[in-house]
DNA sequence: AGGTGATCATCC
DNA sequence: GGATGATCACCT
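Numbering (our numbering), first residue to last: 1344 to 1570.
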């Protein structure tokens, strides 16, 4: 693999570099980086995201910091169809399942992760070979006041249920814009959580995800405002 | 085991 | 067809 020495020093520099590859295919970017393209993503689910991280100079690795640490910006690739509608929900962060007493929205991982996100749409449905999927125009997004309100409301409702020992009764249908779903290697992975009556139970780790209509709307709003 | 990057595949 | 619940790879 070719290592790209680029590290963005400003928001505008990051955006310029992301805009410059809009219209490229993933295959073209992989070639430029000397990376092999998988035939499909079954065994390479994070491949696209990591490819863009490398090219754009994300430096946080798996540290608990934004991908672009000095810019405080997260990078998310998001698969979209030809109409620009997201094909998948977007993982945000794992959900704490214990020690929830006193945890406030403003201290939550979700709140911190969503401060600033650079969305890179990847155009291409599942049937399209990975190499042929196209990189779209980037969107630098910070939640609006109304978006923050929706997010906070969902988060508080979900966390309250978790704190009450009801995590196992929460489904992905809860929440208007945020949902709670499994986030694990497989269904045998267990972690501790609060159970009924304040007992301790073992349950599947959960993560917060943004629902498709929410990410669809924020992308649409950006592109329509931009003209 | 728990975090990062996500998409798969079954069920409705 | 689309969303929910399950899963895949790699890192620490």
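Heads up, the beta-carbon is just placed ideally off N, CA and C, and yes, glycines get one too. Every value quoted in this text rests on a predicted model; they were computed, and no experiment measured them.
Checklist entry - In the stretch 1497 to 1569, which residue ranges form an unbroken alpha helix (DSSP H) of at least 4 residues, counting only runs that do not cross its ends? => result Taking only runs of at least 4 residues, the alpha helix (DSSP H) segments lying wholly in the stretch 1497 to 1569 are 1555 to 1569.
Checklist entry - Using the beta-carbon count (16 or more within 10 Å), is residue 1425 buried or exposed? => result As a first step, residue 1425 must be located in the first chain, where it is residue number 82. By the neighbour-count criterion, in which 16 or more other beta carbons inside 10 Å mark a residue as buried, residue 1425 falls on the exposed side.
Checklist entry - Between which two residues does the beta strand (DSSP E) carrying residue 1484 extend? => result Numbered from 1 along the first chain, position 141 holds the residue referred to as residue 1484. Here the beta strand (DSSP E) through residue 1484 covers 1482 to 1484.
Item to check | Run of the alpha helix (DSSP H) containing residue 1453, from where it starts to where it stops | outcome: For this step, residue 1453 is matched to residue 110 along the first chain. Note, residue 1453: alpha helix (DSSP H), 1452 to 1456.
Item to check | Sequence-distant residues of the same chain with beta carbon closer than 7 Å to residue 1448, five excluded per side | outcome: Looking up residue 1448 in the first chain gives position 105. Cβ-Cβ distances below 7 Å link residue 1448 to 1454, 1495, 1498 and 1499 in the same chain, with the five nearest sequence neighbours on each side left out; the list follows chain order.
Checklist entry - The beta strand (DSSP E) spanning residue 1394 covers which residue range? => result In the first chain, the residue the question calls residue 1394 occupies position 51. That residue, residue 1394, is in no beta strand (DSSP E); its alpha helix (DSSP H) goes 1390 to 1399.
Checklist entry - Taking the alpha carbon of residue 1468 as the point to measure from, which residue in 1412, 1423 and 1540 has its own alpha carbon closest? => result Counting from 1 along the first chain, the entry for residue 1468 is found at position 125. Nearest of 1412, 1423 and 1540 to residue 1468, Cα basis: 1423.
Checklist entry - Between the C-alpha atoms of residue 1520 and residue 1385, what's the straight-line distance to the nearest angstrom? => result The residue you call residue 1520 lines up with position 177 of the first chain. The residue you call residue 1385 lines up with position 42 of the first chain. For the pair residue 1520 and residue 1385, the Cα-to-Cα distance works out to about 27 Å.
Checklist entry - Okay, do the stretch 1349 to 1366 and the stretch 1477 to 1485 touch, 3+ Cβ pairs below 8 Å being the bar? => result Touching, per the Cβ criterion.
Item to check | Which residues DSSP lists as bridging residue 1437, in chain order | outcome: In the first chain, the residue the question calls residue 1437 occupies position 94. Bridge partners of residue 1437 according to DSSP: 1550.
Checklist entry - At which residues does the alpha helix (DSSP H) containing residue 1446 begin and terminate? => result Numbered from 1 along the first chain, position 103 holds the residue referred to as residue 1446. Premise fails: residue 1446 is in no alpha helix (DSSP H) and is neither H nor E.
Checklist entry - Where DSSP assigns a beta bridge to residue 1478, which residues make up the other side? => result Your numbering for residue 1478 matches position 135 in the first chain. Bridge partners of residue 1478: 1465.
Item to check | Inter-stretch contact (C-beta, 8 Å, three-pair minimum) for the stretch 1502 to 1519 and the stretch 1528 to 1546 | outcome: Between the stretch 1502 to 1519 and the stretch 1528 to 1546, the count of Cβ pairs shorter than 8 Å is three or higher; the stretches touch.
Next on the checklist: Taking only three categories from DSSP, how would you classify residue 1417?
Outcome noted: The residue labelled residue 1417 in the question sits at position 74 within the first chain. Residue 1417: strand per DSSP, three-state reduction.
Checklist entry - My guess is that residue 1533 and residue 1547 are in contact by the Cβ rule of under 8 Å, so how many angstroms apart are they, rounded? => result Within the first chain, residue 1533 is the residue found at index 190, counting from 1. Within the first chain, residue 1547 is the residue found at index 204, counting from 1. Rounded, the Cβ-Cβ distance is 7 Å, consistent with contact.
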